Amino acid sequence: MPEPVKKTEEAQGGAGDPGAPDLAATDTLAPEEAPAPAETPAAADTTPVAPQPGANIQAHDTPGFDESQAPDTKTDLTGLFTEKPQSGEVAVGENINFVAKVNAASLLKKPTIKWFKGKWMDLASKSGKSLQLKELYDRNSKVYTFEMQIIAAKPSFAGAYRCEVSSRDKFDSCNFDLTVHDIGLPCPLVSSFCASASKSQVKSEPDEDVWEILQKAKASEYEKIAFQYGITDLRGMLKRLKKMKKEEKKSEAFLKKLDPAYQVEKGHKMKLCIEVANEDVDVKWLKNGQEIQSTGRYIFESVGNKRYLTINHCSLSDDATYTCVVGDEKCTTELFVKEPPVTITSNLEDQMVMKGERVELECEVSEEGATVKWEKDGVELTRDESFKYRFKKDGRKHVLIINEATKEDCGHYTVKTNGGESMAELMVSEKELEVYQNIADLTVKAKDEAVFKCEVSDETVKGIWYKNGVEVKADARTHITHIGRIHKLTIDDVKPEDQGDYTFVPEGYAFNLSAKLNFLDPPKIHLDCMGHTADSTIVVVAGNKLRLDVPITGDPAPTVIWTKGEKVMTEGDGRLHVESTKGHCIFTIEGADKQDEGLYSVIVRNPAGEDKADINVKVVGKMQPLSTRIFVDTFFFLSLVKEMRDIITMFDFFFPGYVLERKKKKSYRWMRLNFDPYTDTTYEAKRMIEGVEYEMRVYAVNAIGMSRHSAASQPFIPVAPTSEPVGLCVDDISDTTVSLKWRTPEHLGSSELDGYGVEYCKEGSDEWVPAFEGLTERTSVIIRDLPTGEKMQFRVRAYNMAGPSAPTSLAQAVTIQKPKIWIPRNLRQTLIKKVEETINLVIPFQGKPRPVITWSKDGEPLNPKQVSIRNSDTDTILFIRKSERKDSGKYEVKLQIENVEDTASISIQIVDLPGSPEKLKIMDVWGFNVALEWKPPKDNGNCEITGYMVQKADKKTMEWYTVYELYRRTNCVVADLIMGNEYIFRIYAVNMVGLSLEPCFSADSAYIQKTGFEYKPPTYKEHDFSEAPKFTHPLVSRSVIAGYNATLSCSVRGIPKPKVTWYKNKMDISNEAKYRMFSKQGVLTLEIRKPCSFDGGVYMCKAVNASGEDAVECKLEIRRNGQFIRYTTLFTKMVRSYRQ
1 MPEPVKKTEE AQGGAGDPGA PDLAATDTLA PEEAPAPAET PAAADTTPVA
51 PQPGANIQAH DTPGFDESQA PDTKTDLTGL FTEKPQSGEV AVGENINFVA
101 KVNAASLLKK PTIKWFKGKW MDLASKSGKS LQLKELYDRN SKVYTFEMQI
151 IAAKPSFAGA YRCEVSSRDK FDSCNFDLTV HDIGLPCPLV SSFCASASKS
201 QVKSEPDEDV WEILQKAKAS EYEKIAFQYG ITDLRGMLKR LKKMKKEEKK
251 SEAFLKKLDP AYQVEKGHKM KLCIEVANED VDVKWLKNGQ EIQSTGRYIF
301 ESVGNKRYLT INHCSLSDDA TYTCVVGDEK CTTELFVKEP PVTITSNLED
351 QMVMKGERVE LECEVSEEGA TVKWEKDGVE LTRDESFKYR FKKDGRKHVL
401 IINEATKEDC GHYTVKTNGG ESMAELMVSE KELEVYQNIA DLTVKAKDEA
451 VFKCEVSDET VKGIWYKNGV EVKADARTHI THIGRIHKLT IDDVKPEDQG
501 DYTFVPEGYA FNLSAKLNFL DPPKIHLDCM GHTADSTIVV VAGNKLRLDV
551 PITGDPAPTV IWTKGEKVMT EGDGRLHVES TKGHCIFTIE GADKQDEGLY
601 SVIVRNPAGE DKADINVKVV GKMQPLSTRI FVDTFFFLSL VKEMRDIITM
651 FDFFFPGYVL ERKKKKSYRW MRLNFDPYTD TTYEAKRMIE GVEYEMRVYA
701 VNAIGMSRHS AASQPFIPVA PTSEPVGLCV DDISDTTVSL KWRTPEHLGS
751 SELDGYGVEY CKEGSDEWVP AFEGLTERTS VIIRDLPTGE KMQFRVRAYN
801 MAGPSAPTSL AQAVTIQKPK IWIPRNLRQT LIKKVEETIN LVIPFQGKPR
851 PVITWSKDGE PLNPKQVSIR NSDTDTILFI RKSERKDSGK YEVKLQIENV
901 EDTASISIQI VDLPGSPEKL KIMDVWGFNV ALEWKPPKDN GNCEITGYMV
951 QKADKKTMEW YTVYELYRRT NCVVADLIMG NEYIFRIYAV NMVGLSLEPC
1001 FSADSAYIQK TGFEYKPPTY KEHDFSEAPK FTHPLVSRSV IAGYNATLSC
1051 SVRGIPKPKV TWYKNKMDIS NEAKYRMFSK QGVLTLEIRK PCSFDGGVYM
1101 CKAVNASGED AVECKLEIRR NGQFIRYTTL FTKMVRSYRQ
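The UniProt record's numbering puts the first residue of the sequence shown at 1, with every later residue one more than the last.
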């Protein structure tokens, strides 16, 4: 959740990231990092008049940055613009200019400008016929003028734009909007008043909410959802979705707040509604942090304590964050403007090309700039496949280009949008072999050389020479050569037996080159083998020219005579023409008819002899289009039902076969299905698309040529058998009866399902026996009279008009004997339920008669007050109305029929919310970072702790913001804190149930110190002043008179100050009252009060510190004065006298 900024900070927009898929895409910025866009164009003027084309509309100054949006602190906004581009409106097809000016007088480097659409797309790469960028410089004023001109605006150009200018370390940014009005729409203001007068209902939201779909979807499905619903700024949508999870404190100003998100279709009306506590309070509406002014598109209404914001004719520029502000409180929502799905207006066409040719598959969609996907046989095509495929966009047209087609490119190609798809088939044939020089007929004399020569386009192509259909082998007289593209057949010393038809057949190609070798001899007729049968019958279509070209040989040139029966044919009536050339005699009849049929004879004579040949001419009627009906079978093949005898009678001549063509119902291109004549009257057409309507037509081909095509067949849809039924299982079983059930096949195709067929057989046998006669339409069946104790296998087929589907069988054979518990799949692993949820376990089983069922938990019987058990003939039910933690455990169910039993176990885990974490501590604070550490909760809610939610709050506002939503460790670092603020923290524990009820708060707070320069004095090595004690003046021995105070003095120095101790005769006298010790400025004095003779002796002064010690000593002598002696003598005498 973003950190709120202080109100004193200036609101500035951040620089967006470059890059976007298309100019027509609308990028909606996430509120967490989106710059505050310029105010809507309607805020510039309260008069609802549409702007002139190309006009720059001035907008009001932008208000302060919304507290819910964090400013971009990555760059320093320095205010380089002297004139900023302003938001504007334009009608479809018109032009508009945006102007920005920068004063370069104080700049050291020429400013650089960038224009962006939305957040990502740099418009410099989109400059062209729809967008032009200009730059002007005034040397006198040193002002740069930058212009962006949008030509022939389209509805998809609407949205938020941004202009950025930078010069070395200086940077500035400005946001503005473009609104494009459709020409066919009424004036926004008039339509809004009409809407208010008629009190029309606002269009309800679509059934499918994109926000809700994104919330529930997995991360791996985001791209698929964005393509399906036309989301162009997926990253922005996800960031806005994450922001909606912000925790808001309870509001006193709002009775009803806005929902977290709304969606509306483009061009429709949207109404936002709130309820306030005070009817007289003022309400402000913000769009992306900027105040909205009332215009024809934005209408404010106040009804009691309800406040409405109505947005008419929603466009892509209205996709934004809307905020309602009441005093110091606010509520926010996200609006997503959904574009209509993109449909395919012009479908792909089937194509057949030669190998190496260029292929272009073209389609047209309903919107410009739409995103499409290309697939081949269900596999998506990308640009990463060695640049084999190229994708081209031209307005609404999308083209897939294959430069050089190969055999591997054959297949079905599909183009998909979020509103439809189209499929076409591509067939690639081998490249044709070109003939540069054909072989020619040869006429040679005896012992001459005959050379057949041809030239083809491919040097690598080999070939075989044939003579009259027999392969020619090289020998002493016959030579076969292949040099480059030239193939030669050379025959030395030509003999009569060398005469014949020579053919060259290239390997791998279905055609041949033919020529004749004629041998000069006595007159001889060489009939042309083309166009006649074995008995020399030539067929001609009535009305066509009959031309008999008969090669003849003879030296000298023979005389030619043509006869019909006994009549010599001459050129009398103008229809007949007889012509003789060297080596040929030609007989021509113009416009042959039925009377020209008959046996014609050609006689050639020369001095060497003569030769005669008979030619049977047959005149037939011209081929008519096939009138036979075409019947279509629905299982992917075409059936032409007609009798060959009718065809022969119809044309009066045998023909090789048929040529068939097909096309899609909505297409105009017929595709040939066979190139060689097909002789049968039943043809199977493959590689058709199921569910697509097709038409078929057929040509008849004979020796004369190809007829006109037949009438197209009735449109038909190819149908395949359905997929196999799914989910075949045993529903019930007894000693002689089995009840089976299954589900409808996943793929039914375009034909209706006729029913199901069920078969069974004994295990180990291949003989399948129908369970009943005919088909059943139900998806369950009871099979009776089965042998007891046998293992039986069952299978089910689905039938439609195309026939039976593949069978589906049971996984294993069914034994009709002992009881069996069927544990559902979801109960084969631990069943996890939340506390107080209802547990309802339905355990099906088989077995008859009705078995005895026993439930237990962890080996002990169940408590009937807590758990309810209900049994039936087919299942047993365990029911707990409100589950508790103590209900967790392993439950066992036992099924018993006489001496046979079956058991199963089910594990149940009851989970609850975890306890709160413990001992949250602030371990360290440095810079703008705080290190936290805590301990896991004692109660994990009977499941694993998946993570922790870390939140922070400023002690001034006490508003909590989430730092980590799901953090797995027990320590973390909170970064990017604001200096000068004091923060406290709290931690929630998270498990699969949710957050802990109570958080764990930090005991203390963390204050982020303000940064600044701190003086650090230089460090010096401290001088060591320590010194061992040393007496500078020693003690002086003295002789004193008894009875008078005496002093002993000395001086000492030492650092630190030494400890001084006085001794008498090496005995410590520090604690004796007779002595007083003084110390002043290093001078030490010992005072002896009224010494006597006993106080004499050796006195010592000792000084000690950490560095050492020192001592001095002296001798004190006590003298007695005369008066004292007299008193002593007198006292002695008195004592003695007293004793006596």
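All C-beta atoms, glycine included, are put in the ideal place defined by N, C-alpha and C. In this text, all values refer to a predicted model and were calculated from it rather than measured experimentally.
Look up M1077 in the DSSP assignment and give the residues it is bridged to. Per the DSSP secondary-structure output, M1077 pairs in a beta bridge with L1086.
Residue burial classification, H482 (beta-carbon count within 10 angstroms, cutoff 16): By the neighbour-count rule (16 or more Cβ atoms within 10 Å), H482 is not buried but exposed.
| said: Would the region 752-764 count as touching the region 702-714 if we require 3 or more Cβ pairs under 8 Å? | reply: In short, these stretches do not touch, since the Cβ pair count stays below three.
Quiz item: Which runs of the beta strand (DSSP E), 3 residues or longer, sit entirely within the region 388-443?
Solution: Within the region 388-443, the complete beta strand (DSSP E) runs of at least 3 residues fall at 389-394, 397-402, 411-417, 420-429, 435-437.
Same chain only: Cβ atoms within 6 Å of I113, ignoring 5 sequence neighbours per side: Within the same chain, Cβ atoms closer than 6 Å to the Cβ of I113 are found at F146, V165, the five residues on either side in sequence being excluded.
Expected contact under 8 Å - CB spacing of L178 and G159 to nearest Å: A Cβ-Cβ separation of about 6 Å places L178 in contact with G159 under the 8 Å criterion.
(request) Would you give the residue range spanned by the beta strand (DSSP E) that H181 belongs to? (result) 170-181 is the span of the beta strand (DSSP E), which, as asked, contains H181.
Cβ pair count under 8 Å reaching 3, the region 584-596 against the region 544-559: Contact between the region 584-596 and the region 544-559 is present: 3 or more CB-CB pairs across the two stretches fall below 8 Å.
| Three-state secondary structure assigned by DSSP to T838 | Per DSSP, reduced to three states, the secondary structure at T838 is coil, with no helix or strand assignment.
(message) Taking the alpha-carbon of K271 as reference, which of Q293, R797, C314, K1010 has the nearest alpha-carbon?
(response) Among Q293, R797, C314, K1010, the Cα nearest to that of K271 belongs to C314.
**Item:** Residue burial classification, K1074 (beta-carbon count within 10 angstroms, cutoff 16)
**Value:** Classification for K1074: exposed.
Grouping DSSP H, G and I as helix and E and B as strand, with all else coil, what is N1105? N1105 falls in the strand class under three-state DSSP.
Give the C-beta separation of T343 and S366 to the nearest angstrom, bearing in mind that I take them to be a contact with Cβ-Cβ under 8 Å. Indeed, because the Cβ distance is near 5 Å, the residues count as touching under 8 Å.
Which value, in whole angstroms, describes the spacing of the CA atoms of L966 and L286? Rounded to whole angstroms, L966 to L286 spans 32 Å at the Cα level.
Give me the Cα-Cα distance between Y1015 and V990, rounded to the nearest whole angstrom.
-> If I take the Cα positions, the gap works out to 47 Å.
Using only CA atoms, which one of G803, T1085, L133 lies nearest to L748? The candidate whose alpha carbon is nearest that of L748 is G803.
CA-to-CA distance, P861 to I869, given in whole angstroms: One C-alpha to the other measures close to 12 Å.
Exercise. Taking the alpha carbon of T295 as the point to measure from, which residue in N103, T310, T679 has its own alpha carbon closest?
Worked result: Across the set N103, T310, T679, the C-alpha of T310 shows the shortest separation from the C-alpha of T295.
Exercise for the section: Measuring only between beta-carbons, confirm whether T553 sits less than 9 Å from chain B. Expected result: Here there is only one protein chain, and chain B is not present.
| query | Would DSSP call T854 helix, strand or coil? | reply | Looking at T854 - three-state DSSP - the assignment turns out to be strand.
Continuous beta strand (DSSP E) stretch holding M958: start and end:
Counting along the chain, M958 falls outside any beta strand (DSSP E), and DSSP gives it neither H nor E.
| Quick one: what's got a C-beta closer than 6 Å to L316's C-beta in the same chain, skipping five residues either side? | The beta carbon of L316 is closer than 6 Å to those of T26, A158, G159, V337 in its chain, skipping five residues each way along the sequence.
| message | Taking only three categories from DSSP, how would you classify E1022? | response | Coil, per DSSP.
Exercise for review: Quickly, what does DSSP pair I906 with across the bridge? List them, please.
Suggested key: According to DSSP, I906 bridges with Y891.
inquiry  = Please return the same chain residues whose Cβ sits closer than 7 Å to the Cβ of P999, not counting the five positions on each side in sequence.
reply    = Within the same chain, Cβ atoms closer than 7 Å to the Cβ of P999 are found at S916, R986, I987, Y988, the five residues on either side in sequence being excluded.
Notebook entry, point to check: Between which two residues does the beta strand (DSSP E) containing L107 stretch?
Noted result: No beta strand (DSSP E) contains L107, which DSSP labels as neither H nor E.
Note down the Cα distance separating L189 from F98, rounded to an integer number of angstroms. Residue placement at L189 is poorly supported in this model, since its pLDDT is 34, which falls under 50; the coordinates still yield a value, given next. Distance between the alpha carbons of L189 and F98 is about 25 Å.
- Just curious, the beta strand (DSSP E) that T1061 is in, first and last residue? Here the beta strand (DSSP E) through T1061 covers 1059-1064.
Checklist entry - From what residue to what residue does the beta strand (DSSP E) around M979 run? => result M979 -> no beta strand (DSSP E), and no H or E assigned at all.
**Request:** Would you mind sorting G1043 into buried or exposed? The rule is 16 or more other CB atoms within 10 Å of its CB.
**Result:** Result: exposed.
Measuring alpha carbon to alpha carbon, tell me which residue in K142, I689, S127 is nearest I150. Among K142, I689, S127, the Cα nearest to that of I150 belongs to S127.
(Q) Any contact between the region 1076-1088 and the region 1045-1057? By contact I mean 3 or more CB pairs, one from each, below 8 Å. (A) Counting C-beta pairs closer than 8 Å gives three or more between the region 1076-1088 and the region 1045-1057, which meets the contact rule.
Alpha-carbon spacing of I782 relative to T737, whole angstroms = Roughly 7 Å between the two C-alpha positions.
**Message:** Let's test the definition: count the other Cβ atoms within 10 Å of the Cβ of Q951 and tell me whether it reaches 16, buried, or not, exposed.
**Reply:** Classified as buried, Q951 has 16 or more neighbouring CB atoms from the shown chains inside 10 Å of its CB.
- request: Would you mind sorting N175 into buried or exposed? The rule is 16 or more other CB atoms within 10 Å of its CB.
  value: It is buried - the Cβ of N175 has at least 16 other Cβ atoms within 10 Å.
Buried or exposed: where does A424 fall if 16 or more other Cβ atoms within 10 Å of its Cβ makes it buried?
Answer is buried; the Cβ neighbour count reaches 16.
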